[in-house]
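Going by my numbering, 1068 is the number at position 70 of the sequence shown; the sequence numbering is gapless. Even for Gly, the Cβ is constructed at its ideal location relative to N, Cα and C. Since the structure comes first, as structure tokens, the remarks are kept for the end.
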Amino acid sequence: MAWYAMKSFYWISWHRGSMLLLWYFLGHQLEWGYDATLTSAITIQKPTLLPNTSFEDIMARSDSANKSDYMCTWAYRSLRRDRVAMALDFTAFHRRFADIFGDRKARCFEDGHPCDGSSPRACRRFTGADTKGINQLAHNFTCNGSCERLFWDETSYRKAGSGARAVCIEATTRPYLRYQVTSDKTLAVSHVWNHGQGGRPESLLRHGEMGGFNSCLHERYKNIARELGCTSYWMDTPCIPEDHLLRRESIANINTVFRESLATLICDRDIMDIDITSLKKDPTDMSEPMLRLRESIISTLLVCDWNLRSWTLLESIRGRKHILLLCKYNQVVSLVDLVKDVCSHGSIDVAILFLSGHHMLPARQSEPQYFPARQILGEALTGFVPLEEAACLLAHRLASRAQDDIVIWSLLTNETPYYDAKTWWREKVTGNGTFMTSGAGIRGFIHSGFLLSSAPRLKGVKSLQWAPTQPGLHLPQGVSNSTKVYQPEDGSNTTKLRIFNEGLVGRWGAYIFRTNDIPSDDSVTRKLQDIAKKFLSHKWGILLSPLTQMFYIAARHDPQRGRLRMADTRYMMLPFRGTSYFLFGVAGANDRESWEWQGVCEWPTAQPLPDFSNHKEILLV
């Protein structure tokens, strides 16, 4: 009994300490803007619990009974798996969500049942996002559905100039949309395609569907833009034509649209169902009902469809300087004001969950003189994020088109969009991308921990077979839930690998073994046999573990602490994501010099490990 009391005390102390730390970080970033260097600082380290069970899965099951049916299970699990949120108490979050949607049936399937949360492809909220056949279904709340459609004035579009075009609210007259170049007086609209506002501005689309833009929606965004002092609004539906070249030109300028716009307006059907009339009457009202309303909006935003899409992630990161939410009756509210009010006066439990939405945190307005990492901050000021961080964000989101993954990934890290992974990685390696550095022969760096994921690789591409072809991996519907998927971590606390034209070189914890001469004397060699059979057709295999710079450790494995220790280095390896297993990279070679990436494998911490050593120069090709 005393031991359980002690464990409860430690748990409560750890949990409350974590909450206060995260609350401090949230307040700091709301005041000064998003700080990319705090990413690793706000990552809560998870204790190891049960074999083959992650800490976040245990926490999710503990409060799953509180989840409303209307809340998408995959959206909830994605939030739960966030490095900030996975160890937090979600009780208040569930209550605030239920205040608005507790009596509604799920939208995951037509029969009103929620999805199982295994993959976005197992949920109709996302598999219904196919771009074909989705056209003008939505209307403004004042419209009876009989309004006429507006179509693009192609001459106006082409004469407006190069780059991104926005709808000019003064020049547009029925039945034509007219355009001007986007500017700092443009309202950028970020929405979910399959919520009914999708389509293209041409009158007749390529597949025979009718195009155009409902005039009632134009009136909605025109009025909001005018109230904000804008002269135009940008939205993909009226502003990105179906023409292939014009579409590519628009996508190439999407970073500029949201970064330079006066404001970004988030449109999601769940947020648009929340009535904020009472809040608009008195924005200074901090009574309990008004704080609960604010908390409900934040809770809904974190699991709404808009927050689980890849394109909207990009748009919010670029437009984070002034984000507005479109609520019921076309009422608009500032997102940062909502979060500040909850952070200062409301529930800490709900407020700190917003750190999982750091792509919506306000941008820094200027560079503090004391800040040491100027390059990182410079990227943050322009909305760019490191490649590894971008992959982590996208791995928990879905794009309408599978081929859009690499486009969005490249736009998150650079101004230039790329349409295939081979070209993107090849140009980075040849020095034309964001990896280029001043080091002699070095084309850039990447964290070793980032490579440990299920993402497919560039097989057959010389010197790049280790490079992921997409940010993460989502299993298609019908695949067994027992199939494990390892989404990427940013690896910010692991060693950096150097990118050369010849391949990827760096320090790993490694164990090299023959694949065709493995005895089966003990559990270690039997495990190596299984790995060789599953992954390797080479003479030699190697297990690779990312190393973290921590402190000098002895050359042994400590089963009680579940850690592998090696001599003469300031590095150590830890179990994967708070589970009871290590996750190792597997590579093969015939010459023990140039290693080809093959995949990742688990190794239980309770099982003895082979004798890993600290290899400084492992070359992955």
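Given residue i as reference, the closest of the options once Cα atoms are compared
| i | options | result |
| --- | --- | --- |
| LEU1312 | SER1521, VAL1255 and SER1345 | VAL1255 |
| ASP1033 | HIS1472, VAL1334, PRO1360 and TRP1407 | PRO1360 |
| GLY1458 | ASN1499, TRP1595 and SER1160 | TRP1595 |
| HIS1357 | LEU1333, SER1345 and GLY1344 | LEU1333 |
| SER1066 | ALA1085, HIS1320 and ARG1093 | ARG1093 |
| LEU1244 | LEU1618, SER1451, GLY1586 and PRO1199 | PRO1199 |
| LEU1392 | SER1011, TRP1407, GLN1401 and GLU1591 | TRP1407 |
| GLY1597 | LEU1215, PHE1610, PHE1149 and GLN1463 | GLN1463 |
| TRP1012 | ASP1087, SER1062, ASP1080 and LEU1077 | ASP1087 |
| CYS1145 | PHE1211, SER1181 and LEU1203 | PHE1211 |
| PRO1281 | ALA1169, ASP1182 and VAL1340 | VAL1340 |
| ALA1169 | THR1229, LEU1203, GLY1143 and LEU1202 | THR1229 |
| LEU1148 | ARG1122, LEU1202 and ALA1120 | LEU1202 |
| GLY1355 | ASN1412, LEU1018, PHE1124 and ILE1315 | ILE1315 |
| CYS1325 | PRO1173, PRO1608, ASP1347 and ILE1296 | ILE1296 |
| ILE1167 | GLU1152, GLU1225 and ARG1204 | GLU1225 |
| GLN1401 | SER1345, LEU1019, THR1467 and LEU1450 | THR1467 |
Contact belief for residue i with residue j at Cβ below 8 angstroms, rounded distance in angstroms
| i | j | result |
| --- | --- | --- |
| ALA1349 | SER1248 | Not really, about 37 angstroms apart at Cβ, beyond 8 angstroms. |
| LYS1537 | THR1513 | 6 angstroms |
| LEU1322 | THR1262 | 7 angstroms |
| GLY1489 | SER1446 | 6 angstroms |
| SER1521 | PRO1415 | At roughly 49 angstroms, the Cβ-Cβ gap does not stay under 8 angstroms, so SER1521 and PRO1415 are not in contact. |
| PHE1610 | TYR1509 | 5 angstroms |
| PRO1112 | THR1071 | 5 angstroms |
| ILE1274 | LEU1289 | Not confirmed; about 13 angstroms, so no contact. |
| LEU1185 | SER1259 | 6 angstroms |
| PHE1448 | ALA1389 | 7 angstroms |
Same chain, Cβ closer than 8 angstroms to residue i, five either side skipped, listed in chain order
| i | result |
| --- | --- |
| ASN1328 | ASN1138, PHE1139, ARG1218, ASN1221 and ILE1222 |
| ARG1102 | SER1066, ASP1067 and TYR1068 |
| ARG1318 | TYR1032, THR1262, HIS1357, MET1358, LEU1359, PRO1360, ALA1361 and GLY1381 |
Own chain, CB closer than 6 angstroms to residue i, minus 5 neighbours either side, in chain order
| i | result |
| --- | --- |
| ALA1465 | TRP1423 and LEU1456 |
| ASP1234 | none |
| LEU1306 | ALA1073 and ARG1395 |
| THR1310 | SER1188 and TRP1304 |
| PHE1511 | LEU1526 and GLY1539 |
| VAL1383 | LEU1410 |
| SER1452 | LEU1471, VAL1483 and TYR1484 |
| SER1461 | GLU1500, GLY1501 and VAL1619 |
| MET1284 | HIS1343 |
| ALA961 | Past the edges of the chain, shown from 999 to 1619, lies residue 961, and the structure says nothing about it. |
| ALA1158 | TYR1177, GLN1178 and VAL1179 |
| ARG1267 | HIS1193 |
| HIS1216 | LEU1148 |
According to DSSP, residues forming a beta bridge with residue i
| i | result |
| --- | --- |
| ASN1612 | GLY1507 |
| GLY1586 | GLY1539 and GLU1594 |
| LYS1494 | HIS1445 |
| MET1358 | Answer is none; MET1358 lacks a bridge partner. |
| MET1208 | LEU1202 |
| ILE1264 | SER1188 and LEU1323 |
| VAL1330 | LEU1324 |
| VAL1179 | ARG1163 |
| ARG1512 | TRP1538 |
| TYR1579 | PRO1602 |
Under the three-state DSSP convention, the category residue i falls into
| i | result |
| --- | --- |
| PRO1173 | coil |
| GLN1605 | coil |
| ALA1003 | helix |
| SER1230 | strand |
| GLU1600 | strand |
| ARG1307 | strand |
| VAL1522 | helix |
| ALA1453 | coil |
| TRP1422 | helix |
| LEU1409 | helix |
| TRP1150 | strand |
| HIS1242 | helix |
| LEU1291 | helix |
| GLY1015 | helix |
| TYR1008 | helix |
| PHE1382 | coil |
| PRO1236 | helix |
| ALA1104 | coil |
| CYS1390 | helix |
| PRO1466 | strand |
| GLY1025 | helix |
| GLN1527 | helix |
| ALA1162 | coil |
Proximal residues to residue i (C-beta, below 7 angstroms), its chain only, five neighbours per side dropped
| i | result |
| --- | --- |
| SER1154 | ARG1176 and TYR1177 |
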